[in-house]
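Using this note's numbering, the letters of the sequence shown correspond one by one to residues -7 to 332. Idealized CB from N, CA, C, for every residue including glycine. Data block below; observations after.
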Amino acid sequence: MMSTYSKTARLMQRGADFLGSETAILCGAMSWVSERSLVSAISNAGGFGVIACGAMTPDLLDREIAATKALTDRPFGVNLITMHPDLFDLIAVCEKHAVGHVVLAGGIPPKGSVEAIKGGKNPAKVVCFAPTLALAKKLLRSGADALVIEGMEAGGHIGPVSTSVLAQEMLPELAQDHLIFVAGGIGRGQAIAGYLEMGAAGVQLGTRFACAQESIAHPDFKKAFFRASARDAITSVQVDSRLPVIPVRALKNKGTEAFTVKQREVAGTLDRGEIAMAEAQLQIEHYWAGALRRAVIDGDIENGSLMAGQSVGMLKQEEPVAAIIEKLMAQCEDALTRRG
């Protein structure tokens, strides 16, 4: 594939070498969606699939990695949530399977976690999310091998700054000496060309792959994406400042309203001293996992959570993963060629 897209290949070289894949296109880890079928399809098509561990137990992750390996012999990664109570057991599962790349999401990696990933019998590369320049530098000093900078246009849990601003702020400072992948709101190859020219090692897309033919998401979930415009993907509202809920971007439905109600409930139990803060936050996380499952697996698009990025408006029909990657590469190459 890369021989056809020589300009793109040259700019993606560092990222592709790091990932061990043909292109430096990662698929963002989407809970319930980024599982064996989609992950293996993306890796087989020359991209880099990432399993979303989410709230999985070590046992479930063990089975998911084994099942993915049965479907692809190409590299793929595993995304672990830093606040998972069994984080170190999950790291051990990744090591057992010699997973080459572990992506840590959801805050500063806890003490010893980066060392555990890099120091085992099967050392893996560590990829972290960096919401600010200061944090990016800190993570690189603490052993992160690559960073993903993700703007607020993305689906799921998001930060407050847009992708274009993060890229301008961070790529000139970091991209020469470090591997930085850009994510959030990327739906076409023309945007990929721009970030590669700014020094990005590659890109990460989630929403663009959510409705691929190989995605196990329910047909009604996919239809909701195809009907949606960019402005339908809204961020959740935080009801109580003591319950710092990381905002989530999803398509507007009854589920988004229900989440506001759920936060009020949990804040009430916190007020009455019935639960501790950590438990309150865990309840919110579990709520999301359940709401996502209802939408993705059961197809309940009214009450479930339809996590989507603002690029959702560019999705019009179901396509095979290979066709999506091919299209992105062709658009990127065309944009780079036009610029001479």
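Item, Value
"Minimum Cβ-Cβ distance from Q168 to chain D less than 8 Å", "No chain D appears in the structure shown, which is made up of a single protein chain."
"Test item: CB-CB of I276 and V258 under 8 Å", "yes"
"Rounded straight-line distance, which links the Cα of L72 to that of V91", "12 Å"
"Buried or exposed (CB count within 10 angstroms, at least 16 for buried), A58", "exposed"
"Beta-carbon spacing of A242, M299 below 8 Å", "yes"
"Straight-line Cα distance separating L197 from Q230", "26 Å"
"Reference S35, options I317, R331, C324, closest by Cα", "I317"
"Same chain, Cβ closer than 6 Å to L188, neighbours up to 5 away in sequence not counted", "L3"
"Rounded separation between S29 and L63 - CA only", "8 Å"
"First and last residue of the uninterrupted alpha helix (DSSP H) at I109", "105 to 111"
"Coarse secondary structure for Q309, derived from DSSP in three states", "coil"
"Cα-Cα separation, Q309 to L52", "31 Å"
"Three-pair Cβ contact test at 8 Å for the region -5 to 2 versus the region 322 to 329", "yes"
"Residue of A202, C120, F218 minimising C-alpha distance to L171", "C120"
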